[in-house]
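Numbering (my numbering), first residue to last: 97 to 398.
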């Protein structure tokens with residue numbers, strides 16, 4: 097299973113798309129109706145979909161998987177009693193599968209048969225999304241839920257987050273111990289450290305400075321630089337997230353501590369706590385579909 101894309105609804109979607117292409121560094125993929133699709137250099141048809149809306153909210157976060165994995169998800173989601181529904185994607189690339197609502201409203205979509213596209217050149221293009229992180233009122237409970245209902249694995253726990261993986265990447269999502277449910281940030285995988293640093297420089301050319309970074313995290317060990325996008329959310333340049341084995345031992349909060357006044361491995365940058373907190377509250381979750389029984393294939397049929 098792999099994280100593919102995030103779908104957002106927001107006012108002034110065209111302006112947000114212009115920022116992400118002209119300044120952040122993405123490539124336009126298509127405009128279909130009132131939705132702007134933006135891609136990276138990799139094989140996914142888009143990484144971010146921006147739908148024009150009077151309100152800002154997260155439509156879904158999309159993963160792609162095999163047909164076998166989808167059937168496992170249908171069974172485990174049904175057994176967990178989570179709201180869910182079959183879906184046929186009308187987004188770029190198509191595909192079909194299910195959409196699931198977690199206990200705090202997070203909307204995760206799992207697709208099979210979604211089209212891929214030819215990669216494109218561009219040293220400063222994001223390659224893909226490396227993770228999408230959510231704020232949570234009860235991150236510990238949500239971590240247990242996605243393990244039980246989705247087959248994800250908790251990689252590490254810190255005082256601030258529960259990190260979760262769906263493949264060998266240390267985390268494809270995480271749940272921040274924020275006391276409320278919303279989008280925390282979207283992280284874009286860059287080709288290397290130089291691409292991250294060039295991205296920082298490019299945004300500085302437009303009088304935007306990092307809200308946090310550059311730095312290197314503890315859990316996942318990825319390089320980061322966070323910015324607050326003009327259209328609201330926190331977005332991150334990232335690279336070199338750690339690959340972990342199947343038997344990786346999840347760390348506890350006491351395993352991830354820092355010396356006084358340090359909050360990452362490098363300790364070279366300040367963090368705009370207030371600005372980041374305000375941005376993290378802007379995109380909440382909204383379900384606009386009714387839960388339906390999932391069409392399960394019996395083990396004999398499988």
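Using N, Cα and C, we set each Cβ at its ideal position, and we do this for glycine too.
Can you tell me whether residue i is buried or exposed, with buried defined as 16 or more other CB within 10 angstroms of its CB?
| i | result |
| --- | --- |
| residue 280 | buried |
| residue 397 | Residue placement at residue 397 cannot be trusted, given a pLDDT of 48 that sits under 50; what the coordinates show is reported in the next sentence. Its Cβ having fewer than 16 others within 10 Å, residue 397 is exposed. |
| residue 187 | buried |
| residue 170 | buried |
| residue 385 | exposed |
| residue 109 | buried |
| residue 113 | buried |
| residue 364 | exposed |
| residue 356 | exposed |
| residue 358 | exposed |
| residue 306 | buried |
| residue 300 | exposed |
| residue 261 | buried |
| residue 235 | buried |
| residue 100 | buried |
Does the separation of the CB atoms of residue i and residue j fall below 8 Å?
| i | j | result |
| --- | --- | --- |
| residue 245 | residue 172 | yes |
| residue 145 | residue 111 | no |
| residue 341 | residue 252 | no |
| residue 221 | residue 297 | no |
| residue 283 | residue 225 | yes |
| residue 227 | residue 267 | yes |
| residue 230 | residue 269 | yes |
| residue 379 | residue 278 | yes |
| residue 123 | residue 216 | yes |
| residue 237 | residue 257 | no |
| residue 152 | residue 328 | yes |
| residue 276 | residue 202 | no |
| residue 148 | residue 223 | no |
Shortest alpha-carbon distance to residue i belongs to which of the options?
| i | options | result |
| --- | --- | --- |
| residue 334 | 319, 142, 267 | 319 |
| residue 116 | 189, 240, 192, 323 | 323 |
| residue 369 | 346, 363, 308 | 308 |
| residue 353 | 328, 313, 339 | 313 |
| residue 192 | 208, 255, 359, 128 | 208 |
| residue 254 | 176, 374, 202, 351 | 351 |
| residue 174 | 163, 189, 155, 198 | 198 |
| residue 290 | 388, 263, 330, 219 | 219 |
| residue 382 | 98, 131, 128, 155 | 155 |
| residue 259 | 294, 327, 346, 247 | 346 |
| residue 321 | 265, 131, 366, 248 | 366 |
| residue 391 | 163, 119, 249, 331 | 163 |
Mind reading off the beta-carbon distance from residue i to residue j? Whole number of angstroms is fine, and I expect it under 8 Å.
| i | j | result |
| --- | --- | --- |
| residue 140 | residue 133 | That pair is no contact at about 10 Å. |
| residue 106 | residue 157 | That pair is no contact at about 15 Å. |
| residue 194 | residue 182 | 6 Å |
| residue 295 | residue 121 | 6 Å |
For the alpha helix (DSSP H) that contains residue i, what are its first and last residues?
| i | result |
| --- | --- |
| residue 293 | 289-301 |
| residue 170 | 163-176 |
| residue 199 | Element bounds for residue 199: n/a, residue is neither H nor E. |
| residue 374 | 369-376 |
| residue 244 | 235-246 |
For residue i, report the span of its beta strand (DSSP E) as first-last.
| i | result |
| --- | --- |
| residue 115 | Counting along the chain, residue 115 falls outside any beta strand (DSSP E), though it belongs to the alpha helix (DSSP H) covering 109-115. |
| residue 340 | Taken as a continuous stretch (DSSP letters only), residue 340 belongs to no beta strand (DSSP E), as it is neither H nor E. |
| residue 356 | From DSSP, residue 356 is part of no beta strand (DSSP E); its letter is neither H nor E. |
| residue 335 | 330-335 |
| residue 250 | 249-253 |
| residue 155 | 153-160 |
| residue 319 | 319-324 |
| residue 126 | 123-128 |
| residue 183 | 180-184 |
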